[in-house]
Amino acid sequence: MSIKAILVGLGGRAKSWFDTAKENSEVEFVGFVEPFKPNQERAVQQWGIAKAQIHPKLSDALAAEKADCVLDVTPPAAHEAIALEAFKAGLHVLGEKPLSDSRPSAKRMVAAAKAAKRRHMITQNYRFGATPRTAARLVKSGIVGKPGSVDIAFFMSWADAPGSHYVEKPYMFLTDMGIHHFDMIRYVMGAEVLAAQGLSWNYPWGWHKGDASHVIVFDCKGGLKAVHRGIGCTLGYRTSWNGEWRIEGPEGTLTWERDKLFFSREHRTPERKRQEIPLDPQPLGGQSAILAEFLAAIKENRAPECSSEDNLKSLDMVFAALESIKLHREVKTAELDKLTGGNGKAPKAAKSSKPKSKPARKKK
Ligand SMILES: NC(=O)c1ccc[n+]([C@@H]2O[C@H](COP(=O)([O-])OP(=O)(O)OC[C@H]3O[C@@H](n4cnc5c(N)ncnc54)[C@H](O)[C@@H]3O)[C@@H](O)[C@H]2O)c1
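All letters in the sequence shown, in the order written, are residues 8 to 371 by our numbering.
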């Protein structure tokens with residue numbers, strides 16, 4: 008029996024979901040939602056979608072067709088309204104990351120999914136890749152002993168297209184891209200994050216209006232430190248999208264070097280060692296694996312991996328880092344309810360003495 012889905016948002020990311028779902032015989036798109044005419048037309052002309060199947064609003068699509076789930080590929084600010092409407096209509100939701108750009112909104116969505124007893128999964132596709140999957144297994148097996156730190160360096164020429172929310176809105180490199188890496192920190196290290204301390208800035212040649220470079224140090228339960236260093240507007244050598252990782256422990260070091268894994272032990276040992284560790288084969292690529300997990304969770308009536316409830320913990324890393332950057336101090340995740348407006352109230356603007364970073368010169 009196929010699962011009937013409505014694809015909401017026909018922008019840049021949606022095409023890859025359209026193609027991924029087409030390869031899965033269990034999914035059938037019964038409707039599409041897109042308010043922006045040029046994107047409607049592109050979907051008709053380039054993706055081959057029938058014009059009659061595209062609706063300007065989710066309510067129109069819901070009225071036109073019976074569906075089981077929504078695949079939400081809209082910008083973060085639209086996620087809550089779409090999820091709440093879908094849950095109200097009894098549909099499950101597979102929502103693009105980040106869950107939301109507001110913590111109270113994210114919490115309302117999690118509560119609504121629970122109340123409606125619907126599956127709500129967030130598309131943290133990075134963690135489904137072979138490198139994080141293998142690294143998580145190795146860390147768990149104790150290859151480096153009890154890890155003391157994980158250090159991630161990420162240098163990318165990120166989101167270089169004028170006009171998009173990625174370049175127009177503040178802190179997008181941290182909130183939109185960082186969430187992938189922060190979620191992987193939790194997944195690979197089994198980390199429970201307690202606090203964040205962060206600093207962000209922009210370069211004069213950058214193309215993002217918001218800060219697109221940062222250093223963040225996360226304090227985790229058990230003493231683990233997770234350090235994330237990112238530059239989103241590099242003009243030179245780039246890391247892989249996963250970044251370069253270095254996991255330090257008393258038995259040695261696990262590194263990801265352009266997505267290859269190496270274990271090394273070169274000091275205080277009779278036998279110096281540096282060996283590449285083959286990646287565990289994965290049956291499916293990131294997006295296909297997510298879709299398969301979402302469908303399995305619906306059929307088995309269980310919470311999926313990356314449920315929105317679990318994803319709140321990854322999102323809390325983003326919000327703790329963001330509040331720390333704004334307040335110039337360490338921020339504990341336990342403070343976030345107070346700092347971000349709790350559950351359902353309007354977010355309180357964080358006070359900052361820091362002068363706003365200069366808007367970067369726009370690319371011509
Ligand atoms: N997982 C990943 O690796 C990955 C990669 C890229 C983007 N994304 C995420 O996908 C989401 C969409 O990103 P994008 O790059 O496609 O953005 P986009 O701006 O290119 O596309 C968004 C589309 O949603 C439409 N839209 C806006 N509000 C809507 C509403 N209320 N109902 C229906 N449609 C609406 C817009 O008109 C637009 O066509 C974001 O949350 C982004 O972070 C994830």
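Ideal placement from N, C-alpha and C gives every residue a C-beta, glycine not left out. Computed from a predicted model, the values in this text were never measured in an experiment.
Taking 6 Å as the cut-off, does the CB of residue i come closer than this to any heavy atom belonging to ligand 1?
{"i": "L181", "result": "no"}
{"i": "P45", "result": "no"}
{"i": "T246", "result": "no"}
{"i": "R20", "result": "yes"}
{"i": "A341", "result": "no"}
{"i": "T241", "result": "no"}
{"i": "N132", "result": "yes"}
{"i": "G16", "result": "yes"}
{"i": "A85", "result": "yes"}
{"i": "T81", "result": "yes"}
{"i": "V174", "result": "no"}
{"i": "E41", "result": "yes"}
{"i": "H103", "result": "It is worth fixing the name first, because residue 103 is Glu in this sequence and not His. It does: the Cβ of E103 is within 6 Å (strictly closer) of some heavy atom of ligand 1."}
What residue from the options has the CA that sits closest to residue i's CA?
{"i": "I13", "options": "I129, V80, P311, N46", "result": "V80"}
{"i": "E103", "options": "Y173, E330, W54, G16", "result": "G16"}
{"i": "C76", "options": "P63, A84, K95", "result": "K95"}
{"i": "A68", "options": "A85, E41, P83, V51", "result": "E41"}
{"i": "I10", "options": "S32, A90, E342", "result": "S32"}
{"i": "W248", "options": "P63, I297, K176, A166", "result": "A166"}
{"i": "S107", "options": "H99, A85, V100", "result": "A85"}
{"i": "H221", "options": "G230, T241, E312", "result": "T241"}
{"i": "L98", "options": "R115, S207, E72", "result": "E72"}
{"i": "L268", "options": "L145, I56, V100, K345", "result": "L145"}
{"i": "V151", "options": "E251, E312, R281, V100", "result": "R281"}
{"i": "A142", "options": "W252, N318, R309", "result": "W252"}
{"i": "I297", "options": "L91, A21, K58, Q131", "result": "Q131"}
{"i": "K153", "options": "A304, L346, G256", "result": "G256"}
{"i": "G237", "options": "Y178, Q294, P277", "result": "Y178"}
{"i": "G134", "options": "Q289, L329, L346", "result": "Per the sequence shown, residue 134 should be read as Arg rather than Gly. When each option's Cα is compared against that of R134, the closest is Q289."}
{"i": "R20", "options": "P82, R110, A123, A119", "result": "P82"}
Assuming residue i contacts residue j (C-beta within less than 8 Å), just tell me the rounded distance between them.
{"i": "S314", "j": "V234", "result": "With a Cβ gap of about 27 Å, S314 and V234 do not count as contacting."}
{"i": "K147", "j": "G197", "result": "7 Å"}
{"i": "V325", "j": "S331", "result": "With a Cβ gap of about 11 Å, V325 and S331 do not count as contacting."}
{"i": "T246", "j": "M163", "result": "7 Å"}
{"i": "I223", "j": "A328", "result": "5 Å"}
Check whether the Cβ atoms of residue i and residue j lie closer than 7 Å to each other.
{"i": "A137", "j": "L291", "result": "no"}
{"i": "A28", "j": "V37", "result": "no"}
{"i": "Q60", "j": "F43", "result": "no"}
{"i": "A70", "j": "L322", "result": "no"}
{"i": "E264", "j": "K228", "result": "no"}
{"i": "E316", "j": "V117", "result": "yes"}
{"i": "H62", "j": "V100", "result": "no"}
{"i": "A219", "j": "F270", "result": "no"}
{"i": "I192", "j": "G250", "result": "no"}
Is there at least one non-hydrogen atom of ligand 3 closer than 6 Å to the beta-carbon of residue i?
{"i": "V325", "result": "With respect to small molecules bound, the structure shown includes ligand 1 and not ligand 3."}
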